[in-house]
Every structure is written in structure tokens, then in C-alpha cells.
Amino acid sequence: MTHDMLVYLSKTVGLIWLMGCFLIVVIRAYSPSRRKAYDAAARSVLPSKEGGDD
Numbered sequence: 308m309t310h311d312m313l314v315y316l317s318k319t320v321g322l323i324w325l326m327g328c329f330l331i332v333v334i335r336a337y338s339p340s341r342r343k344a345y346d347a348a349a350r351s352v353l354p355s356k357e358g359g360d361d
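Taking this note's numbering, the leading residue of the sequence shown gets 308, the next gets one more, and so forth.
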């Protein structure tokens with residue numbers, strides 16, 4: 308294998324790998340089945356309205 312061939316392969320495989328990871332993250336973030344977990348995580352950082360610590 309020549310250097311040019313290795314550079315071409317690394318750029319191509321790297322791009323495909325990066326796009327694949329991006330798609331996995333987006334699908335996981337916007338999947339409806341994860342909504343309950345994300346809502347619970349969002350509420351966990353907010354103070355409760357029941358007279359908790361201010």
C-alpha cells in the first residue's frame with residue numbers, strides 16, 4: 308500500500324465512522340422511548356416547588 312492509498316482510506320473510513328456516530332447520537336437523543344428518562348434528568352437539576360432548599 309502506498310501512502311496516498313492509506314490517506315484515501317483513512318479519510319473515507321474516518322468520514323463514514325464520524326457520520327455513523329453522529330447518526331447514532333441523534334437517533335438516541337430524539338427517540339420517543341427515551342423521553343421519560345430525559346424529562347426526569349431535566350427535572351432533577353431544578354429546585355422543587357414544595358418548599359425545598361432555596
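The C-beta atom is built at its ideal place from N, Cα and C for all residues, glycine as well. Computed from a predicted model, the values in this text were never measured in an experiment.
*asked:* Under DSSP, the alpha helix (DSSP H) around S317 begins and ends at which residues?
replied: Taking the first residue of the sequence shown as position 1, residue 317 is located at position 10. That run of the alpha helix (DSSP H) goes 310-337.
inquiry  = Which of the three DSSP states is assigned to S351 in this structure?
reply    = Stepping through the sequence shown from its first residue, residue 351 is reached at position 44. Helix.
Kindly indicate which three-state DSSP category K343 falls into: helix, strand or coil?
-> Walking along the sequence shown from the start, residue 343 turns up at place 36. Reduced to three states, the DSSP call for K343 is helix.
Discussion item. Please determine whether the Cβ atom of I334 lies at a distance below 6 angstroms from any heavy atom of the ligand GTP.
Written reply: Judged by which ligands are present, the structure shown has none, so any question about the ligand GTP falls away.
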